[in-house]
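Enquirer: Numbering (this note's numbering), first residue to last: 3 to 371.
The C-beta atom is built at its ideal place from N, Cα and C for all residues, glycine as well.
Remember, predicted model here, so these are calculated numbers, not experimental data.
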Amino acid sequence: MNKASILLLPGDGIGPEVINELVKVMDWFSSNRGIEFDISKDDLGGAAYDRYGTPLSDDTLAVAKEVDAIVMGSVGGPQWDNVERHLRPEAGLLTLRKELDLFANLRPATCMPALAAASSLKQDLVSGLDILILRELTAGVYFGEPRGIETMPDGRRRALDTQVYFESEIERLVRVGFELAAKRNKKVHSVEKANVMETGVFWRQIATRVGKEYPDITLEHMYADNCAMQLVRQPKQFDVIATDNLFGDILSDCAAMLTGSLGMLPSASLGAEVNGKRSALYEPVHGSAPDIAGQGKANPLATILSFAMCLRFSLNRNQDADLLESAVDNILANNIRTIDIAATGADPVSTSAMGAALIDELNSLSQAS
Ligand code: NAD
């Protein structure tokens with residue numbers, strides 16, 4: 003794709019700072035790699051609440067539904083803590099995900115050799131790690147009905163949530179898993195709790211059926227608790243982990259920490275493909291980091307790596323995604339680090355200096371090729 007419409011939603015806290023650096027990267031790709039970006043920019047979260055009285059305006063949502071991809075910074079902050087729940091910054095993001103039916107959440111956990119020492123695991127366990135957690139994002143126990151806290155006729159109180167999955171919801175998620183694995187290391191771990199949950203038995207049946215359509219991909223089933231253990235024991239055994247909303251939430255955070263820093267982790271949330279077009283939202287895994295907002299300390303790389311995912315999954319520009327990821331690898335190997343990933347005693351660089359170093363590296367790489 004040579005032309006792409008992108009909606010930028012910087013959001014709150016460090017969101018605008020990291021999106022600023024991304025804009026420089028997008029400008030570089032348009033000047034040097036011939037991609038014509040049609041960029042629109044709007045508020046989301048707390049910033050949108052302050053401006054429009056709602057964390058996601060109808061106009062913003064309408065644009066979001068039209069564009070090729072959305073790239074977001076982050077939302078939230080203590081100044082909106084007392085706002086009614088449905089108007090809180092996070093509600094804007096949840097509505098956006100639901101309205102666009104972004105059911106497939108991709109969270110790569112890659113550990114660049116230069117950052118292996120930042121992991122809480124031994125370096126040899128994580129150096130070169132490259133796994134992808136695929137989490138179902140729009141169904142399961144976070145959305146199932148009935149739910150609530152209630153008082154029984156005999157006066158006892160209880161709380162309940164409902165884990166429910168339609169066959170189609172599991173099928174479309176695991177199918178994305180097989181398709182991703184086909185372009186990677188050809189292995190899918192389907193993760194559930196078939197030993198104790200009906201939804202787990204059902205999940206396993208459907209993964210097995212869909213897996214037969216992908217004979218080149220190895221499918222293994224694993225219980226979620228074992229998967230948590232294996233992630234910290236031998237994480238490199240995994241390629242793609244396909245799992246439900248709840249287990250994916252927990253396992254992706256666990257995998258995230260293997261890589262060292264929150265400031266490095268990208269994500270993508272993809273919708274169903276309709277007439278060759280797929281809704282997509284790209285965002286860093288980290289939050290709005292109010293403790294460092296406005297100080298020029300934020301690491302912009304998670305957002306920039308999220309844009310690399312956008313190049314790959316929405317714009318079909320794999321070579322450009324590879325180029326951007328190589329530039330990130332190289333600047334880290336040259337010890338250019340923001341405060342979150344700086345080695346003890348080393349001088350960290352600012353958010354904008356990290357962005358500038360990346361542009362220099364992109365220039366060097368493109369001159370060398
Ligand atoms: P956080 O991710 O914002 O911050 C956790 C810690 O990591 C902080 O010390 C922060 O300074 C550091 N950190 C995070 N991103 C960084 C970066 N790019 N560079 C350097 N350091 C970074 O999590 P939190 O403090 O639990 O949440 C703060 C706010 O963000 C809350 O309002 C929360 O609801 C919101 N949040 C939003 C999202 C999202 O927008 N998707 C995700 C998580 C949290």
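For Pro115, collect the residues of the same chain with a Cβ closer than 7 Å to its Cβ; drop the 5 residues on either side in sequence, then sort them by chain order.
Expert: Ser129 and Gly130
Enquirer: When you get a sec, list the residues whose CB is within less than 5 Å of any heavy atom of the ligand NAD, chain order please.
Expert: Ser76, Val77, Gly78, Leu264, Gly265, His288, Gly289, Ser290, Ala291, Asp293, Ile294, Ala300, Asn301 and Asp342
Enquirer: Return the chain-ordered ranges of every alpha helix (DSSP H) run that is complete within the region 209–296 and spans a minimum of 4 residues.
Expert: Counting whole runs of 4 or more residues, the region 209–296 contains the alpha helix (DSSP H) stretches 226–235 and 247–260.
Enquirer: Excluding five sequence neighbours on each side, which residues of the same chain lie with their C-beta closer than 7 Å to the C-beta of Gln125?
Expert: Ala118 and Ala119
Enquirer: In three-state terms, what does DSSP make of Gly13?
Expert: strand
Enquirer: State the CB to CB distance for the pair Asp44 and Leu98, rounded to an integer number of angstroms; the pair is presumed to be in contact (CB under 8 Å).
Expert: So it is not a contact: roughly 11 Å between Cβ atoms.
Enquirer: How would you write the range of the alpha helix (DSSP H) that Ile341 sits in, first residue to last?
Expert: If you look at Ile341, you'll find it isn't in any alpha helix (DSSP H); DSSP assigns it neither H nor E.
Enquirer: What's the C-alpha gap between Thr153 and Asp163?
Expert: Those two C-alpha atoms are separated by around 15 Å.
Enquirer: How big is the Cα-Cα spacing for Thr305 and Asp156?
Expert: 52 Å
Enquirer: Would Lys5 be called buried (16 or more neighbouring beta carbons within 10 Å of its own) or exposed?
Expert: Counting other Cβ atoms within 10 Å of its Cβ, Lys5 stays below 16 and is therefore classed as exposed.
Enquirer: Please classify Ser366 as buried or exposed, where buried requires at least 16 other C-beta atoms within 10 Å of its C-beta.
Expert: Note on Ser366: under 16 other CB atoms within 10 angstroms of its CB, so exposed under the neighbour-count rule.
Enquirer: With DSSP collapsed to three states, give me the class of Asp331.
Expert: helix
Enquirer: So for Lys26, helix, strand or coil by DSSP?
Expert: helix
Enquirer: For a minimum of 3 consecutive residues, which ranges assigned as the beta strand (DSSP E) are wholly contained in the region 126–211?
Expert: If we require 3 residues or more, the beta strand (DSSP E) runs fully inside the region 126–211 come out as 132–138, 150–153, 159–162 and 189–194.
Enquirer: Which first and last residues belong to the beta strand (DSSP E) in which Ser366 is found?
Expert: Where Ser366 is concerned, there is no enclosing beta strand (DSSP E), although the alpha helix (DSSP H) around it starts and stops at Thr353 to Ala370.
Enquirer: So, under 8 Å CB-CB, Leu95 and Gly47 are touching, yes? Tell me the CB distance rounded to an integer number of Å.
Expert: Going by Cβ atoms, the distance from Leu95 to Gly47 rounds to 7 Å, so yes, they are a contact pair.
Enquirer: Below 8 Å, can you find three or more Cβ-Cβ pairs linking the region 77–96 to the region 46–61?
Expert: These segments touch.
Enquirer: According to the Cβ coordinates, are Val190 and Phe204 closer than 9 Å?
Expert: no
Enquirer: Just curious, the beta strand (DSSP E) that Thr56 is in, first and last residue?
Expert: No beta strand (DSSP E) holds Thr56; DSSP gives it neither H nor E.
Enquirer: Which stretch, first to last residue, makes up the beta strand (DSSP E) that contains Met74?
Expert: Per DSSP, Met74 belongs to the beta strand (DSSP E) from Ala71 to Ser76.
Enquirer: In whole angstroms, what separates the C-alpha of Cys229 from that of Gly202?
Expert: 14 Å
Enquirer: Excluding the 5 residues flanking Ala295 on each side, which residues of the same chain have their C-beta closer than 7 Å to its C-beta?
Expert: Gly15 and Ile16
Enquirer: Check whether the region 72–79 touches the region 281–295, taking contact to mean three or more Cβ pairs, one atom from each stretch, closer than 8 Å.
Expert: yes
Enquirer: Go to Val41, then tell me how far its beta strand (DSSP E) extends in each direction, as first and last residue.
Expert: Sequence check: residue 41 is Ile here, not Val. Per DSSP, Ile41 is one residue of the beta strand (DSSP E) stretching across Glu38 to Lys43.
Enquirer: How about Ser269 and Met311: do their beta carbons lie closer than 9 Å?
Expert: yes
Enquirer: Apart from the five residues just before and just after Asp40, which ones in its own chain have a Cβ nearer than 6 Å to its Cβ?
Expert: Ser7
Enquirer: In the DSSP assignment, find the unbroken alpha helix (DSSP H) run with Leu307 in it and report its ends.
Expert: Leu303 to Phe315
Enquirer: So, for Arg280: in the same chain, excluding its five sequence neighbours on each side, which residues have a beta-carbon less than 6 Å away from its beta-carbon?
Expert: Leu272 and Gly273
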